[in-house]
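Residue numbers (full-length UniProt numbering), protein chains in the order written: chain R, 1 to 283; chain U, 1 to 340.
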């Protein structure tokens, strides 16, 4: 038997390689993977497919008509544009706040630590009410931005504040200070050290925070619905637009808008990830 | 003199890390700062590098007053205990970092990096990330990175402290050979007296923020300035009022010799080629530890409870033991006589 199996040696590997193609799972991890996939399918994949199917029910023409409808297109432009702008602001401000919280010691730091999470914890409609009473018609600060686009921007900014801070903070705290000292003794200025040593380490966290911040912005409803006034063509965001489509019994149009948002969000998240990899590689 | 330190003091809150330390470190030599943890040796090294600022005193590197210079301007290579690798950069880019900062031409950087990777035997690992290297390899990479910019002095802070015993020993030999090749003024911090004795040309013993003694490994081992240095550099035992190395004692059975301490064997332990005999003096007090070679031990034919006498071997060095509870400052003055 031994001599017989040795002789056709060269022919054997392909067959074995095929068997090894996917790593064999043991029973526990097989079960784990099954449960995870089922969960993911029920909660994410099936609803997403349902949205896309509904969007396509009226055919390509109807789909195109509903997303190019002037009012819908305006709401998509406003939502995505504001979410992008807010994300850019968060990338800078969030990183700065995380830096201050990790690297500096000051009076009241603990309080700020806790306050950062308030936008997470607050029901969004409560946030909306707070914003309305602060920046509405009877503003005690004398700033009335009710029914304007800055209201949307402000609401987005409020609810997305914690994301970049909270993703960057732990990474920054874990950074080895000796690495910065090594860079300094090699002649790197503080700015160079930040750009070439610290930033590449923070970039994945910043990118994750940015993606979360963008997604949260695009989906925001409760915090802006009171202050923005939901004026068609001006301050109406997609979530409001989708809701009004459904209320008008136009489910296809709502699904079409949702599908477009899905695609845009997907593109943004992929872009953020690519950008992040590029920054890390460039070092 | 390459590094002149004069009157340097440093406190962290109420803790005195360095207390008016003055020291000259010679050019081109390998100097060890040796001492127990928390004794101030790392603080001194970090002050030389500019990573820490002294509260008082001056630091001069190659004739230039560096006291107020930031680390970037000192042209000092620093190697950390935990490597401080730039994790997102390949080994090559780690080594090239200092040269890129200095905006050297590309081909010059490439040549220098190749040369250094060759020197630290990492040529075939240039494209790996630090995470893909072993601890010893990472530390060699850190060393190449520090050497790439041709520093005036090379400072190593417990460079082998994070490595396991075998790799530590290899790297120690290798550092010695590397220094013989490169000849850059090198100062390294260690708490391992064996490491200092084996590698360094000169040893500075630092304890509680002060310098206890400076000298060659032979000087320190043979002529310790005080009981602290004596105890820190190797095993000691107490014979009468003197501290002495256990291998500087002789055992014999002549109970009439007046220069000897007489007693009985309390315990015999064999550690490889070495036999440790503990002798309980007849006059009472701490047992005296004597180490013998196996042949010496067999020739004496000792057993537990045998009557035995202990005397100093002719070349033995002793240091007066500090009386219990006294400050080591007092001990120092008596120690000088003992070491002479």
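Idealized CB from N, CA, C, for every residue including glycine. Keep in mind that this is a model prediction, so the values were computed, not measured.
Taking the Cβ atoms as the reference, residue 167 of chain U lies roughly 10 Å from residue 140 of chain U, outside the contact range of under 8 Å. Contact annotation: residue 90 of chain R and residue 201 of chain R have beta-carbon atoms that are not nearer than 8 Å. Contact of residue 197 of chain R with chain U by beta-carbon distance below 7 Å involves 86.
A distance below 6 Å between beta-carbons, with the five flanking residues on each side excluded, links residue 151 of chain R to the following residues of its chain, in chain order: 145, 227 and 228. The DSSP assignment places 46 to 56 and 59 to 68 as complete runs of the alpha helix (DSSP H) inside the stretch 32 to 82 of chain R, in order along the chain (cut-off: 4 residues). Flagged as an interface residue toward chain R: residue 149 of chain U, by a C-beta distance shorter than 8 Å.
For residue 176 of chain R, the chain U residues whose Cβ falls inside 8 Å of its Cβ are 82 and 84, in order along the chain. Around the Cβ of residue 183 of chain U, a 10 Å sphere holds fewer than 16 other Cβ atoms; the residue is exposed.
At least one CB of chain R lies nearer than 8 Å to the CB of residue 97 of chain U. Judged by DSSP secondary structure, residue 17 of chain U falls within the beta strand (DSSP E) whose first and last residues are 15 to 25. Counting along the chain, no alpha helix (DSSP H) covers residue 128 of chain U, and no H or E run does either.
The Cβ atoms of residue 9 of chain U and residue 56 of chain U lie closer than 8 Å to each other.
Within the same chain, and ignoring the five residues on either side of residue 102 of chain U in sequence, the residues whose Cβ sits closer than 8 Å to its Cβ are 149.
Residues of the stretch 65 to 78 of chain U whose Cβ lies closer than 9 Å to any Cβ of chain R, in chain order: 70, 71, 72, 73, 74, 75, 76, 77 and 78. CA-CA distance, residue 48 of chain R to residue 261 of chain R, rounds to 12 Å. Excluding residues up to 5 positions away in sequence, 211 lie with their Cβ nearer than 7 Å to the Cβ of residue 269 of chain R in the same chain. Put simply, of U:89, U:11 and U:20 the residue whose alpha carbon is nearest the alpha carbon of residue 38 of chain U is U:11.
For residue 275 of chain U, no chain R residue has a Cβ inside 7 Å of its Cβ, as the nearest lies near 45 Å away.
Residue 49 of chain U and residue 133 of chain U do not touch by the CB rule: their CB atoms are close to 24 Å apart, not below 8 Å.
Interface criterion met: the Cβ of residue 192 of chain R is under 8 Å from a Cβ in chain U.
For residue 85 of chain U against residue 190 of chain U, the beta-carbon gap comes to about 21 Å, at or over 8 Å, which does not count as contact. Scanning chain U for C-beta atoms nearer than 7 Å to the C-beta of residue 184 of chain R yields 71 and 72, reported in chain order. Looking only at R:179, R:131 and R:186, the smallest Cα-Cα distance to residue 159 of chain R is reached by R:131.
DSSP, read as helix, strand or coil, puts residue 209 of chain R in helix.
At a cut-off of 8 Å between C-beta atoms, residue 188 of chain R counts as an interface residue with respect to chain U. For residue 232 of chain R, there is no enclosing beta strand (DSSP E), as DSSP gives it neither H nor E. Counting the other CB atoms within 10 Å of its CB gives residue 114 of chain R a total below 16, which places it among the exposed residues.
With a threshold of 8 Å between beta carbons, residue 58 of chain U makes no contact with chain R. Identification of residues in the stretch 212 to 228 of chain U having a C-beta nearer than 7 Å to some C-beta of chain R yields an empty set. Per DSSP, reduced to three states, the secondary structure at residue 220 of chain R is coil, with no helix or strand assignment.
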